[in-house]
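Heads up: the sequence shown runs through residues 2 to 387, numbered per our numbering.
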Amino acid sequence: MPVVNRIADYADEMKTWRRHLHMHPELDMECYETAAFVVARLKEFGVDEIHEGIAKSGVVAIINGQGPGGTIGLRADMDALPMQETTGLEHASKVDGVMHACGHDGHTTMLLGAAKYLAETRKFSGRVALIFQPAEESSGGARFMVEEGMMDRFAIDQVYALHNTPAAELGHFYTTPDAIMAAVDTFHIDIIGQGGHGAYPQDCIDPIVAAVGIVNSLQTIISRNHDTRQEAVCAVTQIHSGTADNITPDTAFVGGTIRTFDKTVQQMIHDRIRAVVAGQAASYGVQADVLIEIGYPATVNTPDKAAFAVDVAREVAGEDAVNGNTGTEMGAEDFSYMLEQRPGAYLFLGHGESAGLHNPNYDFNDEAAPFGASFFARLVERAQPL
């Protein structure tokens, strides 16, 4: 069975929704207008319950099936990115410095498309919980929704999510049986020396030289302290210091990202960063303060749920259009918090050729929406059959 025919009938309507959302992007936890648009559509569809204000602007809607059963959760993220759009499209962002550069407008649209179909047909038992969350890109809206008791409040038994990817063919799906995306942490190193005239280095304690020594030594963590059979990244992504050619500055800053799948590896990298920085600071005579911020945990699929989702995706897209064992991605995703609480799976949906994610020239491909909506709908019907 390919894309659900009834959902294919909604294609133009979904395009209208998506382009409206694209023109009105919102950041972080402040997705109030987006949530209001979602709620208006859900009321039109006749869903049974709508719960607003979860994690500030999050929404959970319930559709009851025919007969008793469990509750399956379907999640879409609603937030945009702080970027200036350069597409020049008629439906380009109307908000200066904010755009949907990751396709969350498309994710929200796909879940709305599934909601319309499920509310209309109700060919399933139990309930479906439609989860529209803010702040995937920044604060971690999924964490706040979980911490506010969403899983228990709505008795969610299993949970699934999709993310578009321009790196795959339109309508193709891929996932993996276990860990699919990495945990992400960030490190900030503030280096304090003693500034002065650039012509008299003997009277200064140069934080730039110390910063360079720290950066070079941090590279040894992955190359010399880490088991190469396990995936990990420890990357310096920022170094800032100085204001003029003839001034030795007082301070320097080094920052970067850590990506891991194993908690032991994660802790080793944290410990080594602190040890390396302390050693380098002592050798250069500077003070160096390290702050490591723990971010999203690894996104880990439940093997049997991932296998089930792959089977459903093959039903929608065809046998050759689904890869169920693609391996890991070093990106991160706050859906991980939901998967820590309940079994489920996270999949990528091919978007076709376009600018990449987080690119100012990116735009979600509306032709992908019927595939995603059909996947969500059939997932419910297959997981909780009448």
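Backbone N, C-alpha and C fix where the C-beta goes; we use that ideal spot for every residue, glycine too.
Asked: For residue 304, which residues in the same chain have their Cβ closer than 8 Å to its Cβ, ignoring the five residues on either side in sequence?; Found: 178 and 179
Asked: Which one of 288, 349, 359 and 300 has the shortest CA to CA distance from residue 341?; Found: 300
Asked: Alpha carbon to alpha carbon, how far is residue 44 from residue 68?; Found: 22 Å
Asked: Going along the chain, which residues of its own chain have a beta-carbon closer than 6 Å to the beta-carbon of residue 101, five neighbours each way excluded?; Found: 23, 26 and 81
Asked: Starting from the N-terminal side, write out each stretch of the beta strand (DSSP E) that is 3 residues or longer and does not extend beyond the stretch 46–133.; Found: 50–55, 59–65 and 72–78
Asked: Can you tell which of 209, 267 and 329 has the C-alpha that lies nearest to the C-alpha of residue 252?; Found: 209
Asked: Residue 103: which of 164, 131, 48 and 57 sits nearest, CA to CA?; Found: 164
Asked: Rounded C-beta distance between residue 109 and residue 152? I'm assuming under 8 Å.; Found: With 8 Å as the limit, residue 109 and residue 152 do not qualify as a contact, their Cβ atoms being about 21 Å apart.
Asked: Less than 8 Å between C-beta atoms, sequence neighbours within five positions excluded: which residues of the same chain meet that for residue 277?; Found: 215, 218, 219, 221 and 222
Asked: Tell me the DSSP secondary structure of residue 362 in three-state form.; Found: coil
Asked: Distance, Cα to Cα, residue 94 vs residue 344?; Found: 36 Å
Asked: With a threshold of 16 other CB atoms inside 10 Å of the CB of residue 127, please say whether the residue is buried or exposed.; Found: buried
Asked: Report the CB separation of residue 258 from residue 166 in whole angstroms; it is logged as a contact under 8 Å.; Found: 20 Å between Cβ atoms; not a contact.
Asked: Is residue 176 helix, strand or coil when you go by DSSP?; Found: coil
Asked: Measure the alpha-carbon distance for residue 192 versus residue 4 and round it to whole angstroms.; Found: 56 Å
Asked: Residue 309 lies in the alpha helix (DSSP H); which residues open and close that run?; Found: 304–318
Asked: Tell me whether residue 14 sits in a helix, a strand or coil according to DSSP, three-state version.; Found: helix
Asked: Using 8 Å for Cβ pairs, my map puts residue 249 next to residue 199. What's the rounded Cβ distance?; Found: 5 Å
Asked: Cutting at 7 Å between CB atoms, please list the residues of its own chain near residue 410, excluding the five before and the five after it.; Found: Absent from the model: residue 410. The displayed extent of the chain is 2 to 387, so no value can be given.
Asked: Considering only C-alpha positions, which residue in the set 265, 135 and 229 is nearest to residue 30?; Found: 135
Asked: Would you mind stating whether residue 261 and residue 374 have Cβ atoms separated by less than 8 Å?; Found: no
Asked: Given this structure, state the Cα-to-Cα distance separating residue 157 from residue 265, to the nearest angstrom.; Found: 30 Å
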